[in-house]
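A.B. asks: Numbering (the working numbering), first residue to last: 3 to 653.
C-beta: ideal position from N, C-alpha, C; glycine also.
Can you keep this structure in mind? I'll have questions shortly.
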């Protein structure tokens, strides 16, 4: 299970070569009188490079050549910040922070209106305090799933991420690319949990509470919360500590605390947990998964978000999400934990991540990450594993070498799950409404006598009019650009229209930043039938038409055409939410063949068992007239051009 962690054994060999700060990586521990300080910020002053300490206060950070004469800044909530001259220090560093006596939260008595006015000012200054330009961030991501009592890890994975983030002026996110990944997977995963988590690698985008304008900092949400304020310190700066709790009967998900910089009113830190409503909402979601045999319940959840000031602006520095769960099926407590730390930020010549290189939000990291034995990422971690994860470091070098080359078979059913999830995440569904124009029929009449007991006749004429149909499409993505699909359409209203098609589609982004806009193109081979509604007729007995027997007491007749051919689609699509997209498109149908038909359809009885058929207008039982002239061809037709709009759902 712990193949991944044994590779850390190689690191002491590197450290023995030289213990001076001149090496590219230094390690250390941040504590308060030997009490570890987890979550402390460690960063190179006047740079965008940094990390955070793990649960035992340990850290590891790379020092580029140009910063070796610089300073290392260490800060933690409730403690005085400290700076260390890198040129005069040796690794490993033992850093002890002193409690900030000024940080004992001094409760401020402030009228409610004054406090809310302060919060409104902070919200209004987001555009000033945070980046007003696109950024590219490099970050380190970790995700784990484990049994807390035994420290038995179902999996433990890490990744290096490349993140494109749009300006804080807008809430739309950006893109993520996995640069490197590695994971150690427990062979008994499936026996302990049947859930696979997604979305964690998008934590630096969707977990950014300031960019997302989360409800408790937005003026529109103030009426749902009660706020209190105290003076405090954070990262060596004076700060307002704002506690918030939901008002009684208000349905909001979070309670907690956040810090505002006194000088700039920038949001510096968030520490949020579920409210009772939030936990209930989460468990309703998990109970729906329970129908798929997951049987999970959330006991608690804590999300921390940290921002650091770099060259006059605040940037996302760290996010962690710790959720305690209970598995009813196995009677085990479980913890799902992920964390992200920004290690570098680029502001120059920032471009979005190429479409074909982007990682999807719905990608499951457990399946996406390379198995540790197969990963070629040999670099060291930036967030040091807790000792509970590093216990294999006690093994000898020989034993470690053997374990490094040992591979676990994937958990039972994982290969099937992997394939099934791959299919599901490549599948999408479109639901759309289509508009077409039909040509009219002048002074037409029809007489149809299927047998001696039935005589359906009626005169009619029609004008050009608009018809509408509802369509569903199921597509399968072959890659980022191409997909194959099947489409089915049926008419809305009195006229008869059906279409089935098999297609091949291509899409590419026209706008690849913020809310993406895609160009869609497609070619389809279709089979369609369209008919003008002549009327509904009573039928008192069974009769046969074509190869089917009609027993309903009400029969609808339509005159029209059966076609097959090739259609071409062109349109635009944009994402509304994580799984939903809106699209509009236009198309042209090239008819390769057509036949003039009379369509019959039962209009009474159970709707799923109603029969329908079509017969040629050349049938001897049919007499069809237009402008008083008998004919076997109808002038009714549908326009070859069409417009449609709809919504796409992709899991």
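Let me check one thing: in DSSP terms, what residues is residue 197 bridge-paired to?
C.D. replies: Counting from one through the chain shown, the residue named residue 197 turns up at place 195. Looking at the DSSP assignment, residue 197 forms no beta bridge with any residue, so it has no partner.
A.B. asks: Grouping DSSP H, G and I as helix and E and B as strand, with all else coil, what is residue 50?
C.D. replies: The residue labelled residue 50 in the question sits at position 48 within the chain shown. Residue 50: coil per DSSP, three-state reduction.
A.B. asks: Would you kindly check if the distance between the Cβ of residue 281 and the Cβ of residue 300 is under 9 Å?
C.D. replies: For the purposes of this step, residue 300 is identified with residue 298 of the chain shown, where counting begins at 1. For the purposes of this step, residue 281 is identified with residue 279 of the chain shown, where counting begins at 1. Taking 9 Å as the Cβ cut-off, residue 300 and residue 281 qualify as a contacting pair.
A.B. asks: Rounding to the nearest angstrom, what Cα-Cα distance links residue 136 and residue 83 in this structure?
C.D. replies: Along the chain shown, one-based indexing puts residue 136 at 134. Along the chain shown, one-based indexing puts residue 83 at 81. C-alpha separation (whole angstroms): 30 Å.
A.B. asks: How many Å lie between residue 369 and residue 157 at the Cα?
C.D. replies: Counted from its first residue, the chain shown places residue 369 at position 367. Counted from its first residue, the chain shown places residue 157 at position 155. Going from the Cα of residue 369 to the Cα of residue 157 covers about 11 Å.
A.B. asks: Residue 596 and residue 446: beta carbons closer than 9 Å?
C.D. replies: Walking along the chain shown from the start, residue 596 turns up at place 594. Walking along the chain shown from the start, residue 446 turns up at place 444. For residue 596 and residue 446, no; Cβs fall outside 9 Å.
A.B. asks: With DSSP run on the structure shown, which of helix, strand or coil describes residue 312?
C.D. replies: As a first step, residue 312 is located in the chain shown; it is residue number 310 there, counting from the start. Here residue 312 sits in strand by DSSP.
A.B. asks: Going straight from the alpha carbon of residue 235 to that of residue 268, what length do you get?
C.D. replies: Position 233 of the chain shown, counted from the first residue, corresponds to residue 235. Position 266 of the chain shown, counted from the first residue, corresponds to residue 268. About 13 Å.
A.B. asks: Looking at the secondary structure, which residues open and close the beta strand (DSSP E) in which residue 654 lies?
C.D. replies: With the chain represented from 3 up to 653, any question about residue 654 goes unanswered, as that position is not in the structure.
A.B. asks: Cβ of residue 526 within 9 Å of Cβ of residue 316?
C.D. replies: Counting from one through the chain shown, the residue named residue 526 turns up at place 524. Counting from one through the chain shown, the residue named residue 316 turns up at place 314. In this structure, residue 316 does not lie closer than 9 Å to residue 526 by Cβ.
A.B. asks: Just reading off the alpha helix (DSSP H) that residue 538 is part of, what are its end residues?
C.D. replies: Counted from its first residue, the chain shown places residue 538 at position 536. Careful: residue 538 lies outside any alpha helix (DSSP H), inside the beta strand (DSSP E) at 519-540.
A.B. asks: Residue 345: which of 98, 120 and 143 sits nearest, CA to CA?
C.D. replies: Counting from 1 along the chain shown, the entry for residue 345 is found at position 343. Closest by alpha carbon: 143.
A.B. asks: Buried or exposed: where does residue 591 fall if 16 or more other Cβ atoms within 10 Å of its Cβ makes it buried?
C.D. replies: Along the chain shown, one-based indexing puts residue 591 at 589. Residue 591 comes out buried.
A.B. asks: In terms of residues, what are the limits of the alpha helix (DSSP H) holding residue 40?
C.D. replies: Locating residue 40 in the chain shown gives position 38, where the first residue counts as 1. No alpha helix (DSSP H) contains residue 40, which DSSP labels as neither H nor E.
A.B. asks: Skipping 5 residues on each side, what residues in its chain have a beta carbon closer than 6 Å to that of residue 640?
C.D. replies: Position 638 of the chain shown, counted from the first residue, corresponds to residue 640. Around residue 640: 438, 440 and 532.
A.B. asks: So residue 259 packs on residue 245, CB below 8 Å; how close in whole Å?
C.D. replies: Here residue 259 corresponds to residue number 257 of the chain shown, with the count starting at 1. Here residue 245 corresponds to residue number 243 of the chain shown, with the count starting at 1. Contact flag correct, Cβ pair sits at about 5 Å.
A.B. asks: Taking residue 567 and residue 528 to be in contact with their CB atoms under 8 Å, please state how far apart those CB atoms are, rounded to whole angstroms.
C.D. replies: Stepping through the chain shown from its first residue, residue 567 is reached at position 565. Stepping through the chain shown from its first residue, residue 528 is reached at position 526. Indeed, because the Cβ distance is near 6 Å, the residues count as touching under 8 Å.
A.B. asks: Who are the near neighbours of residue 210 in its chain, counting only those whose CB is closer than 6 Å to its CB and skipping five residues on each side?
C.D. replies: For this step, residue 210 is matched to residue 208 along the chain shown. Around residue 210: 318.
A.B. asks: Hey, out of 44, 56 and 611, whose CA is closest to residue 553's CA?
C.D. replies: The count along the chain shown starts at 1 and reaches residue 553 at position 551. It is 611 whose Cα lies nearest to the Cα of residue 553.
A.B. asks: Flag this pair as touching only if the region 37-45 and the region 58-69 have three or more C-beta atom pairs under 8 Å; answer yes or no.
C.D. replies: yes
A.B. asks: Pick out whichever of 569, 189 and 606 has its Cα sitting closest to the Cα of residue 1.
C.D. replies: Residue 1 falls outside the range modelled here, since the chain spans only 3 to 653, and no answer is possible.
A.B. asks: Can we say the region 619-628 touches the region 444-458, given the rule of at least three CB pairs closer than 8 Å?
C.D. replies: yes
A.B. asks: Should residue 167 and residue 138 be called a contact, given that it needs their Cβ atoms to be closer than 9 Å?
C.D. replies: As a first step, residue 167 must be located in the chain shown, where it is residue number 165. As a first step, residue 138 must be located in the chain shown, where it is residue number 136. Residue 138 sits close to residue 167, with the two beta carbons spaced by under 9 Å.
A.B. asks: Judging by CA-CA distance, which residue of 229, 240 and 263 is the nearest neighbour of residue 248?
C.D. replies: Residue mapping note: residue 248 aligns to position 246 of the chain shown, counting from 1. It is 229.
A.B. asks: Is it buried or exposed for residue 604, if we count other Cβ within 10 angstroms and need 16 for buried?
C.D. replies: Here residue 604 refers to the residue found at position 602 when the chain shown is read from its first residue. Buried, because 16 or more other Cβ atoms sit within 10 Å of the Cβ of residue 604.
A.B. asks: Ordered along the chain, which non-local residues of its own chain (more than five positions away) have a Cβ less than 6 Å from that of residue 187?
C.D. replies: Taking the chain shown and counting its residues from 1, one reaches residue 187 at position 185. Excluding positions up to five away in sequence, the list reads 157.
A.B. asks: Quick check on the burial criterion: 16 or more other C-beta atoms within 10 angstroms. Buried or exposed for residue 85?
C.D. replies: By 1-based counting over the chain shown, the position of residue 85 is 83. Classification of residue 85: exposed, given that the 10 Å Cβ count is below 16.
A.B. asks: So what does DSSP say about residue 545, is it helix, strand or coil?
C.D. replies: In the chain shown, residue 545 corresponds to position 543, counting from 1. In this structure, residue 545 counts as strand in the three-state DSSP scheme.
A.B. asks: Return helix, strand or coil for residue 95, following the three-state DSSP convention.
C.D. replies: By one-based count along the chain shown, residue 95 stands at place 93. Strand, per DSSP.
A.B. asks: Have a look at residue 221 and residue 133 and give me their C-alpha separation to the nearest angstrom.
C.D. replies: Looking up residue 221 in the chain shown gives position 219. Looking up residue 133 in the chain shown gives position 131. So the two alpha carbons sit approximately 21 Å from each other.
A.B. asks: In terms of residue numbering, what span does the beta strand (DSSP E) encompassing residue 60 cover?
C.D. replies: Here residue 60 refers to the residue found at position 58 when the chain shown is read from its first residue. Boundaries of the beta strand (DSSP E) around residue 60: 60-64.
A.B. asks: In the DSSP output, which residue or residues are listed as bridge partners for residue 75?
C.D. replies: In the chain shown, counting from the first residue as 1, residue 75 sits at position 73. According to the DSSP secondary-structure assignment, residue 75 is paired through a beta bridge with 45 and 85.
A.B. asks: On the premise that residue 429 lies in contact with residue 478, defined as a C-beta separation below 8 Å, what is that separation, rounded to the nearest angstrom?
C.D. replies: Translated into the one-based positions of the chain shown, residue 478 becomes position 476. Translated into the one-based positions of the chain shown, residue 429 becomes position 427. Between residue 429 and residue 478 the Cβ distance is about 6 Å, and since that is below 8 Å, they are a contact.
A.B. asks: For residue 328, which beta-bridge partners are listed by DSSP?
C.D. replies: Numbered from its first residue, the chain shown carries residue 328 at position 326. The partner list for residue 328 (beta bridge, DSSP) reads 299 and 335.
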